[in-house]
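Trainee: These protein sequence lines map, in sequence, to chains A and B. Residue numbering for the first sequence follows this note's numbering, beginning at 5 and increasing consecutively. Residue numbering for the second sequence follows this note's numbering, beginning at 4 and increasing consecutively. Don't be surprised by glycine CBs; every beta carbon is placed ideally from N, CA and C.
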Amino acid sequence: HREHQQRDWRSAAAAFAARRRPGGEGGQRARGTMDAATKLPDHLRGPFLQELEEMQIRDQFKLNTRLGEHCFRDCVTTFRSKNLAPDEEKCIKNCAGAFLKMSRRVAERFSEIQMQEQQQQMQQLNPQ
Amino acid sequence: TSCLSQRQAQSDEGGAGTATGRMSSFGLGGGGYRSPNDDMQLKAAKMEVELVQDLFNRMSDLCFRKCINNKFKENELNLGEQSCTDRCVAKYMATQKTISETFQEFSAAEQQRMQQQGMMPPGGAQ
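1) What residue ranges within the region 25–106 of chain A form continuous beta strand (DSSP E) runs of no fewer than 3 residues, ordered along the chain?
2) What are the boundary residues of the alpha helix (DSSP H) that includes B/R37?
3) Which whole runs of the beta strand (DSSP E) in the region 62–123 of chain B are 3 residues long or more, in chain order?
4) In whole angstroms, what separates the C-alpha of A/I96 from that of A/F114?
5) When the cut-off is 8 Å and only beta carbons count, does A/E93 lie next to chain B?
6) Once DSSP output is grouped into helix, strand and coil, what is the label at B/N60?
7) Answer yes or no: do B/T98 and B/C70 have a C-beta to C-beta separation smaller than 8 Å?
8) Just the C-alpha distance for A/A111 and A/F65, rounded to the nearest angstrom, thanks.
9) So, is the C-beta of A/P90 closer than 8 Å to a C-beta in chain B?
10) On the criterion of 16 or more Cβ atoms from any shown chain inside 10 Å, does B/E51 qualify as buried, or is it exposed?
11) Under a CB-based cut-off of 8 Å, is A/S107 close to chain B?
12) Looking only at its chain, what residues have a beta carbon closer than 8 Å to the beta carbon of A/F103, apart from the 5 residues adjacent to it on each side?
13) Straight-line CA distance for B/E108 to A/N68?
14) Straight-line CA distance for A/M126 to A/E116?
15) By the criterion of Cβ-Cβ separation under 9 Å, what are the contact partners of A/R84 in chain B?
16) In angstroms with no decimal places, state the Cα-to-Cα distance between B/D57 and A/Q120.
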């Protein structure tokens with residue numbers, strides 16, 4: 005469960021895609037960005053959520069390697085020795101921390117923008 | 004966000020159970036028959052999620068490279084980095100939106116052009 009909470013903010017976008025749009029318009033052609041996922045029929049939601057979790061785990065692994073690449077590029081500058089110097093170690097720790105904090109912030113802004121766009125789309129479809 | 008975590012928890016705790024339960028209530032076995040249309044819908048939803056994940060990852064990488072530059076002396080984001088991140092996300096999404104629109108216009112124009120060429124004899128005007 006702890007893992008899920010850690011993944012939550014990180015995959016806010018993916019989870020957002022799986023959320024059902026309130027008052028879904030049936031029979032209208034999918035025109036929005038996330039329609040295939042939000043308008044999934046009920047009997048497919050279970051399998052979809054299973055696949056979604058698999059994709060989120062894969063994404064988490066990819067994050068690992070991406071982080072490694074970023075922080076290696078920024079922190080490891082010399083090859084005088086086989087071992088990481090203590091300042092390189094500290095740099096890497098801070099780099100990872102900063103990236104993850106930034107990533108959380110990006111997720112927040114991202115889902116805000118997604119929701120705004122969704123609302124705009126709904127207003128376009130139901131002008132009142 | 005608590006909504007999302009709740010939903011994920013539901014999907015997980017009862018993950019296999021809920022899906023199988025639902026499927027069996029429809030008379031399908033676990034992992035049973037799915038119509039080709041269902042498969043297509045599932046695939047479409049999967050691809051959408053992949054798209055969003057890819058977008059998110061690229062955006063994170065780019066905004067990291069552009070905004071976070073403190074040589075990692077501290078473990079926190081300072082105020083400048085925070086606002087830079089916010090603006091970076093907004094601009095990246097706007098960029099993506101513009102590109103999607105441009106791409107759609109281009110595709111539509113291409114289609115029209117090809118239809119016209121199909122109907123016109125070779126060497127027709129423009």
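Mentor: Result, derived from the coordinates:
1) none
2) Segment: none, B/R37 is in no alpha helix (DSSP H) and carries neither H nor E.
3) none
4) 26 Å
5) no
6) helix
7) no
8) 17 Å
9) no
10) buried
11) yes
12) L71, H74, C75
13) 38 Å
14) Rounded to the nearest angstrom, the two C-alpha atoms are 15 Å apart.
15) The contacting residues do not exist; A/R84 stays about 19 Å from chain B at best.
16) 20 Å
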